[in-house]
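Input: a single structure, listed below in structure tokens.
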Amino acid sequence: MSNAFTWLTDPANWHDQLGTPGIPAQVVAHLEYSLGAVAIATAVALPLGLLIGHTRRGASIVTVANGLRALPTFGLLILLYVVISPHIGGRGDGPYLVPTEIVLVLMAIPPVLGNTSAGVGNVSPAVRDASLGIGMTGREVLLRVEVPIALPLIISGVRSAVLQVVATATVAAYVGLGGIGRYLYDGLAARDFSQMTGGAVLVAVLALALDTLLAAVQRWTVSPGVSGRFKAGTAQAALGPAGAARPGAPEAAAEEGVPA
Amino acid sequence: MITFESVTKRYPGGTVAVDQLDLEAPTGKTTVLVGPSGCGKTTSLRMINRMIEPTSGRVLIDGADTSAVSPARLRRGIGYVIQHSGLLPHRTVVDNIATVPLLLGVDRRTARARSLELLERVGLPQEMAKRYPAQLSGGQQQRVGVARALAADPPVMLMDEPFSAVDPVVREQLQNEFLRLQSDLGKTIVFVTHDIDEAVKLGDQIAVMRVGGTLAQVAGPSELLARPVDAFVAGFVGRDRGYRALGFTTVPSSVPVEREETVRLGESLTTARDRLAHGWVLVVDAEDRPQGWLSEHSVRSARDDLVTPDALNLGGTLATVRGSLRELLDAALSSPSGRGVVTDGQGHLLGTISPAAAVRLIEEHGSTAADAAGRGETA
Ligand SMILES: Nc1ncnc2c1ncn2[C@@H]1O[C@H](COP(=O)(O)OP(=O)(O)OP(=O)(O)O)[C@@H](O)[C@H]1O
Ligand SMILES: [Mg+2]
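Chains as they are written, first to last, in the numbering used here: chain A, 1 to 260; chain B, 1 to 379.
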């Protein structure tokens with residue numbers, strides 16, 4: 001561990017040198033692979049999950065997607081590399097990038113899809129019914145009612161996708177790409193354990209940082225009415241029906257507006 | 001006016017929930033659908049706003065077929081209140097109330113201003129505007145539900161057991177406020193309940209349904225209590241309907257009250273003792289408003305020298321000349337002294353009446369209702 005510390009604090013590792021990218025460049029590459037994959041997965045799984053949750057049909061799609069989790073990441077990557085790469089022309093990273101991204105996307109889809117469809121599907125039937133009953137269209141019910149209520153689950157789906165993908169994106173290095181995985185594979189090849197441990201620490205720190213960021217987004221976007229984080233003062237007032245008026249209690253909540 | 005024209009609903013399983021229903025809900029009046037569980041009340045109600053589509057037949061609002069407009073558009077013009085409010089948990093009270101105006105394209109500022117006005121109308125303080133539904137009691141949520149239904153000022157309101165999930169005290173408050181609101185607003189309301197007392201209290205017209213989704217009787221409340229058409233309706237409106245029917249006859253201003261000797265709060269107990277009649281004396285305040293009864297026992301055993309509020313027996317109910325015969329009889333029966341207290345419209349004492357005199361008055365004024373109720377029982 002102390003060796004990892006030495007490795008991490010060695011200024012030489014933080015600068016690009018003669019074709020070897022430094023830590024910042026590898027972290028950026030790692031972020032690109034990961035966030036790219038999560039973005040693609042979300043673009044596919046979010047609308048699909050909304051549709052499945054809203055219509056309450058097609059739960060089998062979620063089951064199949066969950067089955068993807070059983071595929072061995074490494075085996076799949078090698079298979080795709082062998083099958084796909086010869087068909088991708090051009091120089092550059094394409095032949096390595098495409099199989100890697102596919103593996104990462106497949107990994108990110110199940111949590112986003114599962115959480116989105118479950119979150120939307122589990123919105124109380126009474127609330128859905130009342131929303132339709134007062135004149136919302138199906139689309140309005142989805143966007144103005146179901147999504148805001150399901151938001152905590154949807155975001156936590158994205159969070160677990162991010163955690164898994166960031167950890168797994170280390171495999172990019174196996175097919176010759178960059179990213180933090182480089183330190184793991186290169187370290188292993190060179191039996192440089194401080195480099196390996198340092199890489200592992202970097203992955204963990206990156207994953208935690210992203211998760212913290214998304215947790216903040218979640219706090220900021222989820223309505224207090226859903227999360228139960230009422231402003232101080234109003235929560236207490238709820239206990240006594242009469243004693244509601246509390247001049248001076250912070251009351252800015254409603255002005256911020258809740259994304260509908 | 002809402003018109004059902006031989007409307008039938010058969011569910012996929014084969015259940016016929018509503019069978020050839022013909023019914024008119026007059027404009028500006030409250031029509032109550034009442035009947036045992038599963039008789040098709042909710043199904044009938046929801047066919048008005050097309051939350052359920054009829055299998056056959058038509059529902060018209062003011063002569064226009066409801067199936068001619070899109071469901072969403074139809075529903076924005078119809079207030080809808082359900083048993084468990086169905087408020088949006090992620091929106092504040094004020095935004096919940098503003099939901100329909102916002103859907104209709106009213107700007108946010110106007111919609112909010114109107115919401116705050118409605119909040120007051122349904123008896124909630126402005127401070128609640130920024131709370132979320134989870135921060136409200138069940139009764140408060142129902143009030144917000146009513147305000148939300150009123151927000152776009154729809155001519156028609158549908159209410160499905162809106163007050164049945166709250167405790168009896170709150171229910172009575174909500175019912176009274178419903179009556180007050182409705183007398184101001186004069187909406188065309190269809191109200192579902194399985195509680196005949198609620199139906200009689202709130203309805204201008206009551207439609208009693210029987211299981212299988214057919215109408216048993218459509219009548220005004222006093223008519224329904226007085227002349228149930230058959231044994232089913234008679235059984236459903238209940239045993240003490242003769243007594244409840246008294247609720248529809250007002251106490252005549254010529255009510256034969258007897259003068260009652262009174263003593264004021266703060267007068268001496270000696271005075272009170274002198275005025276005891278059959279063991280009781282009525283205590284009033286400086287403006288002659290009845291406060292309670294003082295018994296001979298408490299007059300004699302009191303430590304103070306003066307008549308104080310805490311020595312009073314508050315057991316009896318009060319009747320007023322503008323009230324119903326039911327209240328009059330109840331006042332006479334509930335009074336600890338056996339003398340029912342009658343006040344004028346302002347709460348000042350007029351006199352007292354014995355149960356026997358109250359019954360004589362009922363025989364004179366309420367005879368038709370009582371007779372007819374008796375006939376219905378044997379029919
Ligand atoms: N979606 C449905 N599918 C099949 N049958 C239904 C459905 N909804 C209601 N029913 C049946 O239709 C009949 C009428 O139901 P409805 O809900 O209208 O009764 P209700 O008078 O409102 O009863 P309650 O007082 O219990 O609310 C019942 O027999 C019920 O089981
Ligand atoms: Mg019902």
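We put the beta carbon where it would ideally sit given N, CA and C, even for glycine.
Since the model is a prediction, treat every value here as computed from it, not as a measurement.
Limits of the unbroken alpha helix (DSSP H) element including residue i
i, result
"P309(B)", "Per DSSP, P309(B) belongs to no alpha helix (DSSP H) and is neither H nor E."
"S334(B)", "325-334"
"Y183(A)", "181-189"
"A68(B)", "Looking at the DSSP string, A68(B) is not in any alpha helix (DSSP H), and its letter there is neither H nor E."
"F193(A)", "193-221"
"L150(B)", "138-150"
"T188(B)", "No alpha helix (DSSP H) holds T188(B); the beta strand (DSSP E) holding it covers 188-193."
"G340(B)", "No alpha helix (DSSP H) holds G340(B); the beta strand (DSSP E) holding it covers 340-343."
Contact with chain B by residue i, beta-carbon distance below 8 Å
i, result
"V226(A)", "yes"
"V261(A)", "For residue 261(A) there is no data in the structure shown, the boundaries of chain A being 1 and 260."
"E146(A)", "no"
Boundaries of the beta strand (DSSP E) in which residue i is found, first to last residue
i, result
"Q291(B)", "290-295"
"E5(B)", "2-10"
"Q205(B)", "205-210"
"D19(B)", "16-25"
"L350(B)", "349-353"
"V32(B)", "30-34"
"Q164(A)", "Taken as a continuous stretch (DSSP letters only), Q164(A) belongs to no beta strand (DSSP E), being part of the alpha helix (DSSP H) at 147-168."
"G57(B)", "56-61"
"T249(B)", "Here T249(B) belongs to no beta strand (DSSP E), and DSSP marks it neither H nor E."
"T92(B)", "Looking at the DSSP string, T92(B) is not in any beta strand (DSSP E), and its letter there is neither H nor E."
7 Å CB neighbourhood of residue i in its chain, flanking five on each side removed
i, result
"A25(A)", "D16"
"P54(B)", "V7, T8, K9, M47"
"A165(B)", "Q83, H84, G138"
"I264(A)", "The structure shown does not extend to residue 264(A), since chain A spans only 1 to 260, so no value can be given for it."
"L179(B)", "L202"
"P309(B)", "L265, Q291"
"S160(A)", "P111"
"Q142(B)", "S85, P162, F163, V166, L174"
"L312(B)", "V283, Q291, G292, W293, L294"
Contacting residues, own chain, Cβ-Cβ under 6 Å from residue i (five flanking each side not counted)
i, result
"P241(A)", "Unreliable positioning characterises P241(A) in this predicted model, as indicated by a pLDDT of 38, which lies under 50. A coordinate reading is not provided."
"I23(A)", "N13, W14"
"E260(B)", "L282, G351, T352"
"Y81(A)", "P99, V175"
Contacts of residue i in chain A (Cβ-Cβ under 8 Å)
i, result
"Y80(B)", "A130, G133, I134"
"P89(B)", "V127, I149, S223, G225, V226"
"V100(B)", "I134, G135"
"R148(B)", "I134"
Closer than 7 Å at the beta carbon, the chain B residues around residue i
i, result
"T137(A)", "A72"
"F230(A)", "Y132, Q135"
Chain E within 8 Å of residue i, Cβ atoms only
i, result
"L269(B)", "Considering every chain present, this structure includes no chain E. Its protein chains are A and B."
Partners in chain A for residue i, counting only beta-carbon separations shorter than 7 Å
i, result
"L350(B)", "Per Cβ cutoff of 7 Å: no residues; L350(B) is ~35 Å from chain A at best."
Short CB-CB distance (under 8 Å) between residue i and chain A
i, result
"G123(B)", "no"
"L103(B)", "yes"
"G316(B)", "no"
"G86(B)", "yes"
"Y11(B)", "no"
Neighbour list for residue i in chain A, Cβ cutoff strictly below 9 Å
i, result
"R381(B)", "Nothing about residue 381(B) can be reported from this structure: the residues present for chain B run from 1 to 379 only."
Contacts around residue i, its chain only, beta-carbon distance under 8 Å, and the 5 residues preceding and following it disregarded
i, result
"P89(B)", "Y132, P133, A134"
"D288(B)", "T262, H348, L349"
"V226(A)", "P148, I149, L151, P152"
Inset, instruction - Anything in the region 87-102 of chain A with a Cβ closer than 8 Å to a Cβ of chain B? List those residues in chain order, please. - result: none
Inset, instruction - Report the residues of the region 21-39 of chain A with a CB closer than 8 Å to any CB of chain B, ordered along the chain. - result: none
Legend entry - chain A contacts from the region 35-53 of chain B (Cβ-Cβ distance under 7 Å): N49, M51
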